[in-house]
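Undergrad: Residues in the sequence shown are numbered consecutively from 70, following my numbering. Quick reminder that beta carbons are idealized off the backbone N, C-alpha and C, glycines included. In this text, all values refer to a predicted model and were calculated from it rather than measured experimentally.
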Amino acid sequence: MITTFDLQVPLEQEPFLKAPIKLAAESKGYKTADIRSCKLIKRSLDARKKEIKVNLRYEVYLNEEPPKERNSFILNKVENSSPIHIIGCGPAGLFAALELIHQGLKPILFERGKDVKARRRDLAKLNKEQIVNPESNYCFGEGGAGTYSDGKLYTRSKKRGDVDRILKGLIQFGAEKNISIEAHPHIGTNKLPKIIEAIRNAIIEAGGEVHFESKLTDIHFSGDQIQGITINANQEIKIDQLILATGHSARDIFELLATKKIEIKAKPFALGVRVEHAQKLIDKIQYKRSERGELLPPAAYKLVKQIDDKGVYSFCMCPGGIIAPCATEAGEIVTNGWSPSKRNNPYANSGIVVPVDEKDWTAYKQYGPLAALRFQQNIEKMAYLAVNSKKDGQLAPAQALLDFVQGKESKELPPCSYFPGLASARLDKILPSFIAKRLQKAFIQFGKTMPGYLSNDAVIVGVESRTSSPVSIPRDRETLQHIQLSNLYPCGEGAGYAGGIVSAAIDGVKVAGKITMRITN
70 MITTFDLQVP LEQEPFLKAP IKLAAESKGY KTADIRSCKL IKRSLDARKK EIKVNLRYEV
130 YLNEEPPKER NSFILNKVEN SSPIHIIGCG PAGLFAALEL IHQGLKPILF ERGKDVKARR
190 RDLAKLNKEQ IVNPESNYCF GEGGAGTYSD GKLYTRSKKR GDVDRILKGL IQFGAEKNIS
250 IEAHPHIGTN KLPKIIEAIR NAIIEAGGEV HFESKLTDIH FSGDQIQGIT INANQEIKID
310 QLILATGHSA RDIFELLATK KIEIKAKPFA LGVRVEHAQK LIDKIQYKRS ERGELLPPAA
370 YKLVKQIDDK GVYSFCMCPG GIIAPCATEA GEIVTNGWSP SKRNNPYANS GIVVPVDEKD
430 WTAYKQYGPL AALRFQQNIE KMAYLAVNSK KDGQLAPAQA LLDFVQGKES KELPPCSYFP
490 GLASARLDKI LPSFIAKRLQ KAFIQFGKTM PGYLSNDAVI VGVESRTSSP VSIPRDRETL
550 QHIQLSNLYP CGEGAGYAGG IVSAAIDGVK VAGKITMRIT N
């Protein structure tokens with residue numbers, strides 16, 4: 070028999086809990102001799118009141134042994150198996166590859182960017198020298214946008230697939246086991262690259278292939294079938310099945326699809342700013358105590374307000390984090406946030422964004438399915454032009470938070486983690502008015518929800534624009550094939566079917582499963 074029990078204890082008492090077997094016996098009336106195993110399976114904090122408590126859930130096996138832990142992905146030898154080609158080495162592409170190997174098929178991955186180690190050098194140039202490498206940056210390269218932008222694993226995608234399998238898959242390749250227990254699991258930008266590298270090595274060892282600095286530049290098709298692809302404008306490859314998992318920033322891929330008359334659609338996304346506070350202030354507000362102490366993690370927050378028929382909400386909140394320059398081309402400014410595993414930087418940052426939908430990009434209708442992309446692109450260029458004079462500049466426009474709400478230019482800016490540097494600018498003039506006005510109203514409301522949040526000690530940095538893909542690639546709901554090309558499988562966040570590491574990985578697994586069914590039936 071298998072059962073569970075929940076326990077809530079004051080934070081300070083958690084380190085002194087009795088052994089789990091005794092807890093189970095005492096709380097449920099079971100005999101200790103009947104308990105074969107008792108393990109913690111979920112943990113979360115409840116900080117809604119001054120006395121912070123910890124919620125714990127245990128799984129108990131009575132009179133039967135627990136099953137042996139098994140790997141999420143069996144690494145079959147697939148060197149001589151049917152090849153399946155994958156464009157993109159983000160979570161969707163990598164987990165599609167793992168599932169193909171699990172099913173006995175050979176994945177061949179092409180990644181436009183570099184491996185995680187080489188990619189790190191380009192990020193250093195971006196931060197220190199403000200040089201944007203359009204093929205190797207925070208968005209492009211092994212592991213995708215998530216590798217160097219935090220590694221948060223919280224998802225609401227439980228209806229889409231097996232979240233636990235993805236988390237256990239990450240553990241299989243080196244992640245700490247607590248990611249399967251914590252309510253809001255997080256790996257950290259400093260640890261995720263080693264996990265990504267381990268996945269790549271496992272793919273290659275199983276007989277799969279991973280090719281870096283290999284950019285998709287053309288697609289060749291006849292009727293409803295892709296015949297082949299071109300890599301780096303000179304390498305022709307025949308294709309049987311193609312998984313397209315390029316991420317939300319692969320604008321050239323969207324443009325290629327549009328040029329080739331392969332159906333895509335403009336898609337709503339969200340746009341705004343990244344706000345940064347001192348982490349100590351967020352701790353004080355959220356934990357209702359002057360000092361966080363050693364038992365509590367740096368505090369996070371989640372905010373949402375309905376303003377003039379649109380939701381304004383926090384996005385990708387990074388406790389103890391850093392604001393990063395995430396442009397993929399020179400002449401644009403894009404921000405995002407990340408945290409190391411310990412979340413021990415002195416600042417807390419979060420995107421605060423407003424939805425953008427079809428009625429908001431009417432001025433770009435002439436671009437057809439690329440209308441939302443052009444809208445997004447224009448805002449990023451305006452952010453660049455507001456404060457940068459040199460071609461490769463990555464200074465970000467910024468305002469003290471209260472100045473932004475009051476429509477004033479900031480004479481002084483608070484300290485900030487954004488390494489390339491800030492320049493004072495009126496973000497309410499850079500952003501479209503329907504976004505700026507809603508943000509101003511929302512920040513007033515956020516200040517009421519979190520007293521101390523709205524002040525000129527906080528800074529907003531523009532722009533937060535890559536929240537999701539501004540393009541979707543339509544596919545059949547059942548087969549997951551593109552609605553026009555039967556052997557093309559749009560996948561992950563770039564195709565519009567995911568919103569983060571876990572959901573993208575889930576989608577990769579689903580697509581790989583559909584391909585396996587098609588080939589084997």
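Compare the C-alpha of L92 against each of L76, T397, A165 and name the closest.
TA: Cα-wise, what sits closest to L92 is L76.
Undergrad: Contact between the segment 152-162 and the segment 105-122: three or more CB pairs below 8 Å?
TA: Judged by Cβ distances under 8 Å, the segment 152-162 makes no contact with the segment 105-122, as fewer than three pairs qualify.
Undergrad: Let's test the definition: count the other Cβ atoms within 10 Å of the Cβ of K183 and tell me whether it reaches 16, buried, or not, exposed.
TA: Burial call: buried.
Undergrad: Look up N149 in the DSSP assignment and say whether it is helix, strand or coil.
TA: DSSP places N149 in coil when its eight states are reduced to three.
Undergrad: Give me the Cβ distance between P417 and C385, rounded to the nearest whole Å; I'm assuming they're in contact under 8 Å.
TA: First, the amino acid is wrong: residue 417 is Ala here, not Pro. At roughly 12 Å, the Cβ-Cβ gap does not stay under 8 Å, so A417 and C385 are not in contact.
Undergrad: Out of H289, N447, L482, N525, which one is the CA nearest neighbour of L471?
TA: When each option's Cα is compared against that of L471, the closest is N525.
Undergrad: Can you tell me whether T224 is buried or exposed, with buried defined as 16 or more other CB within 10 angstroms of its CB?
TA: Classification of T224: buried, given that the 10 Å Cβ count is 16 or more.
Undergrad: Could you give the distance in angstroms between the alpha-carbon of D545 and the alpha-carbon of Q172?
TA: Roughly 22 Å between the two C-alpha positions.
Undergrad: Would a C-beta distance cut-off of 8 Å place A399 and V201 closer than the cut-off?
TA: In contact: A399 and V201 (Cβ atoms closer than 8 Å).
Undergrad: What do you get for Q468, buried or exposed, if any count of 16 or more other CB atoms within 10 angstroms of its CB means buried?
TA: By the 10 Å Cβ count, Q468 comes out buried.
Undergrad: I need the DSSP call for E128, collapsed to helix, strand or coil.
TA: E128 falls in the strand class under three-state DSSP.
Undergrad: With DSSP run on the structure shown, which of helix, strand or coil describes Y558?
TA: In the structure shown, Y558 sits in a strand (DSSP, three-state: E or B).
Undergrad: When you compare only the Cα positions, how much space is there between S555 and Q294?
TA: Spanning the two alpha carbons is a distance of roughly 6 Å.
Undergrad: Cβ of I300 within 8 Å of Cβ of H289?
TA: Against a cut-off of 8 Å, the Cβ pair of H289 and I300 comes out as no contact.
Undergrad: Could you compute how far the alpha carbon of P366 sits from the alpha carbon of K307?
TA: Near 51 Å, if we compare the C-alpha coordinates of K307 and P366.
Undergrad: Put L222 into one of helix, strand or coil per three-state DSSP.
TA: Three-state result, L222: coil.
Undergrad: Indicate whether the contact test is met: 3 or more Cβ pairs, each with one atom in the segment 161-180 and one in the segment 188-206, closer than 8 Å.
TA: Contact between the segment 161-180 and the segment 188-206 is absent, because fewer than three Cβ pairs lie under 8 Å.
Undergrad: Just tell me which of G406, V423, Q348, E363 has its CA closest to the CA of I376.
TA: Taking only the C-alpha atoms, the option nearest I376 is V423.
Undergrad: Let me confirm a value: K336 is counted as buried when at least 16 other C-beta atoms fall within 10 Å, else exposed. Which label applies?
TA: It counts as buried.
Undergrad: Along the chain, which unbroken stretches of the alpha helix (DSSP H) at least 4 residues long are found entirely within the segment 228-299?
TA: You should have 232-241, 261-275.
Undergrad: Which of helix, strand or coil does DSSP assign to Q468?
TA: If DSSP states are grouped into helix, strand and coil, Q468 belongs with the strands.
Undergrad: List the endpoints of the continuous beta strand (DSSP E) containing G341.
TA: Its beta strand (DSSP E) spans residues 338-347.
Undergrad: Pairing CB atoms from the segment 436-446 with CB atoms from the segment 334-348, are three or more of them under 8 Å?
TA: Short answer: they touch.
Undergrad: For the segment 343-357 against the segment 325-334, are there 3 or more C-beta pairs whose distance is under 8 Å?
TA: Flag = no, the segment 343-357 and the segment 325-334 do not touch.
Undergrad: Between which two residues does the alpha helix (DSSP H) containing Q506 stretch?
TA: The question names Gln, but residue 506 in the sequence shown is Lys. Segment 502-518, the alpha helix (DSSP H) holding K506.
Undergrad: Relative to the C-alpha of E591, which residue among G362, T589, M586, M70 is closest?
TA: Limits of the chain in this structure are 70 at one end and 590 at the other, which puts residue 591 out of reach.
Undergrad: How about the segment 238-254 and the segment 208-219: do they share at least three Cβ pairs that are nearer than 8 Å?
TA: Flag = no, the segment 238-254 and the segment 208-219 do not touch.
Undergrad: Pick out whichever of Q463, S410, E204 has its Cα sitting closest to the Cα of N259.
TA: Of the candidates Q463, S410, E204, the one whose C-alpha sits nearest the C-alpha of N259 is S410.
Undergrad: When you compare only the Cα positions, how much space is there between P89 and Q82?
TA: If you take the alpha carbons of P89 and Q82, they lie about 14 Å apart.
Undergrad: What residues in its chain sit with their C-beta under 6 Å from that of E401, if we drop five residues either side in the sequence?
TA: E449, K450, Y453.
Undergrad: Once the 5 residues before and after S479 are set aside, which same chain residues still bring their CB inside 7 Å of it?
TA: Here the set comprises Q468, A469, D472, S493.
Undergrad: Can you tell me whether DSSP reads P394 as helix, strand or coil?
TA: The answer is strand: DSSP assigns P394 an E or B state.
Undergrad: Suppose you measure from the CA of Y566 to the CA of A319; what does that come to, to the nearest Å?
TA: Cα to Cα, the separation comes out at about 15 Å.
Undergrad: Could you check where the alpha helix (DSSP H) with S408 kicks off and where it finishes?
TA: No alpha helix (DSSP H) holds S408; DSSP gives it neither H nor E.
Undergrad: Suppose you measure from the CA of I273 to the CA of T431; what does that come to, to the nearest Å?
TA: Rounded to the nearest angstrom, the two C-alpha atoms are 47 Å apart.
Undergrad: Can you tell me whether DSSP reads V201 as helix, strand or coil?
TA: Three-state DSSP puts V201 in coil, outside helix and strand.
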